[in-house]
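The block underneath contains the structure these notes are about, expressed in structure tokens.
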Amino acid sequence: MDNNKRKGKEIYEEPETVFTTGETSSSRVEETEGDYENVGSGAYYDYYDYESYDRWDWRDYDGVLGPVIDQRDQATCWAVAIVRVVQALLNIGVVVPQQLELSIQHIVNHVNFDAERGINNIRNALSFMKSSGVCLESRCRSHGRQLVRKNCTHQQHINYHKVDGFTHLTDFEDADLEDIVRRQPVIGLIPINAELHYYDFGRDMIYQHDRTTDPADPAVHNVLIVGFGNRNGRPYWIVQNSWGEDWGDRGYAYVYRQPISGRSISQFTEIIIPNKRDHPRPPGPKSGA
Ligand SMILES: [Zn+2]
1 MDNNKRKGKE IYEEPETVFT TGETSSSRVE ETEGDYENVG SGAYYDYYDY
51 ESYDRWDWRD YDGVLGPVID QRDQATCWAV AIVRVVQALL NIGVVVPQQL
101 ELSIQHIVNH VNFDAERGIN NIRNALSFMK SSGVCLESRC RSHGRQLVRK
151 NCTHQQHINY HKVDGFTHLT DFEDADLEDI VRRQPVIGLI PINAELHYYD
201 FGRDMIYQHD RTTDPADPAV HNVLIVGFGN RNGRPYWIVQ NSWGEDWGDR
251 GYAYVYRQPI SGRSISQFTE IIIPNKRDHP RPPGPKSGA
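Numbering-wise (the UniProt record's numbering), the sequence shown opens with residue 1 and increments by one.
Encoded structure:
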């Protein structure tokens with residue numbers, strides 16, 4: 001039933017990179033202290049203390065995330081996700097207002113993409129971001145129009161921003177991700193379906209799709225995971241989508257997060273984490289900073 005539970009933690013493409021899922025073992029111990037799946041109306045549980053620890057939201061940090069984009073009918077979620085996840089990494093720890101705004105249009109102009117197979121697009125885009133990088137939005141603008149491919153009009157010899165590599169997690173528990181998301185936003189690949197399109201924040205708040213009904217290789221959509229929290233004991237990831245501010249909670253969704261490892265399947269099929277060795281940011285903001 002569960003095609004996402006191959007044995008072992010699979011990390012590919014950049015085996016030398018700094019993040020391993022083993023780093024988060026301490027958070028797993030804490031996860032087992034409160035079994036929120038068993039918390040009923042009569043049970044005693046100190047939500048307040050747990051929730052103050054068990055939350056993170058990069059929206060609270062000025063200038064790290066860019067505004068919500070509307071990709072409209074263009075299959076460019078991969079471009080939005082990769083540019084925004086790198087932009088966030090480069091902006092963490094940078095003094096306001098000196099953060100960078102990177103050009104999504106530039107990567108759309110240069111990376112071959114195929115609307116039918118989104119997974120290939122993100123692979124091509126990862127290579128481009130490592131080898132060539134992207135310029136600032138001020139150099140290569142979309143002017144608020146659709147992200148359709150065109151020729152760059154700026155000069156070639158300008159400053160491009162890149163990263164050293166990307167770590168991919170394809171077999172993971174959500175608990176593995178919490179410490180990573182506290183350090184930086186990451187890309188999540190989420191199966192795309194009508195439920196996601198019609199996600200109703202006001203009615204359901206937490207999006208949860210039954211992944212056991214998915215085909216073995218579902219079509220996926222790229223989003224940014226920018227934090228996590230709980231509502232009434234139900235844990236969620238905070239996700240920035242690229243379907244405009246009319247979708248979800250002003251462009252964001254709250255996606256079900258596995259409360260305890262092994263109990264359910266992550267809503268994400270893969271996580272992609274950009275790495276940059278010489279970036280002068282601190283090791284990660286302190287909780288509550
Ligand atoms: Zn350009």
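For glycine and all other residues, C-beta sits at the position ideal for the given N, C-alpha and C.
Under the three-state reduction of DSSP, which class applies to L169: helix, strand or coil?
Per DSSP, reduced to three states, the secondary structure at L169 is strand.
Per DSSP, P185 forms a beta bridge with which residues?
For P185, which the question treats as bridged, DSSP gives no partner whatsoever.
Quickly, what does DSSP pair V223 with across the bridge? List them, please.
Partner(s): G188.
Could you check how far apart the C-beta atoms of V95 and G251 are, in whole angstroms? I think they sit under 8 angstroms.
So it is not a contact: roughly 26 angstroms between Cβ atoms.
Using only the heavy atoms of ligand 1, determine whether one of them is closer than 6 angstroms to the beta carbon of H143.
No, the Cβ of H143 stays beyond 6 angstroms of every heavy atom of ligand 1.
Cβ-based burial, Y236 [other Cβ within 10 Å; buried from 16]
Taking all protein chains shown into account, Y236 has 16 or more neighbouring C-beta atoms within 10 Å of its C-beta and is therefore buried.
What three-state label does DSSP hand W58 in the structure shown?
In the three-state reduction of the DSSP assignment, W58 falls in the helix class.
Answer yes or no: the CB of H106 versus the heavy atoms of ligand 1, is any distance below 6 angstroms?
At least one heavy atom of ligand 1 lies less than 6 angstroms from the C-beta of H106.
Excluding the 5 residues flanking Q258 on each side, which residues of the same chain have their C-beta closer than 8 angstroms to its C-beta?
Sequence-distant Cβ neighbours of Q258 in its own chain, meaning closer than 8 angstroms and more than five residues away, are E173, D174, A175, P235, S264, I265 and S266.
Under 6 angstroms: does the beta carbon of C77 sit that close to some heavy atom of ligand 1?
Checking every heavy atom of ligand 1 against the Cβ of C77, none is found closer than 6 angstroms.
Determine the extent of the beta strand (DSSP E) in which residue 290 is found, giving its start and end residues.
Limits of the chain in this structure are 1 at one end and 289 at the other, which puts residue 290 out of reach.
Can you check which of these residues, G248, V108 and F128, is closest to R145 by C-alpha distance?
It is V108 whose Cα lies nearest to the Cα of R145.
As a quick exercise: from D171, R211 and V220, pick the residue whose alpha carbon is nearest that of W78.
Of the candidates D171, R211 and V220, the one whose C-alpha sits nearest the C-alpha of W78 is V220.
Are three or more beta carbon pairs between the stretch 211–225 and the stretch 158–165 nearer than 8 angstroms?
At 8 angstroms Cβ cutoff, the stretches do not touch.
Going by C-alpha distance, which of I158, A75 and R55 is nearest F113?
Closest option to F113, Cα to Cα, is A75.
Do three or more CB pairs link the stretch 177–193 to the stretch 133–147 at distances below 8 angstroms?
Two segments are said to touch when three or more pairs of C-beta atoms, one from each, lie closer than 8 angstroms; by this definition the stretch 177–193 does not touch the stretch 133–147.
Inter-residue Cα distance where the pair is Q184 and D60
The alpha-carbon atoms of Q184 and D60 are separated by roughly 13 angstroms.
Compare the C-alpha of L147 against each of G248, D70, D278 and I158 and name the closest.
Nearest of G248, D70, D278 and I158 to L147, Cα basis: D70.
Could you pull out every residue in the same chain whose Cβ sits closer than 6 angstroms to the Cβ of N121, ignoring the five residues on either side in sequence?
Cβ-Cβ distances below 6 angstroms link N121 to W78 and F113 in the same chain, with the five nearest sequence neighbours on each side left out; the list follows chain order.
Helix, strand or coil: which one does DSSP assign to N121?
Annotated three-state conformation of N121 is helix, per DSSP.
Compare the beta carbon distance of A88 and V111 with 7 angstroms and say whether it is the shorter of the two.
No, they are not a contact pair.
With DSSP run on the structure shown, which of helix, strand or coil describes W78?
Here W78 sits in helix by DSSP.
Is the Cβ-Cβ distance between D57 and I238 less than 7 angstroms?
A contact, by the Cβ cut-off of 7 angstroms.
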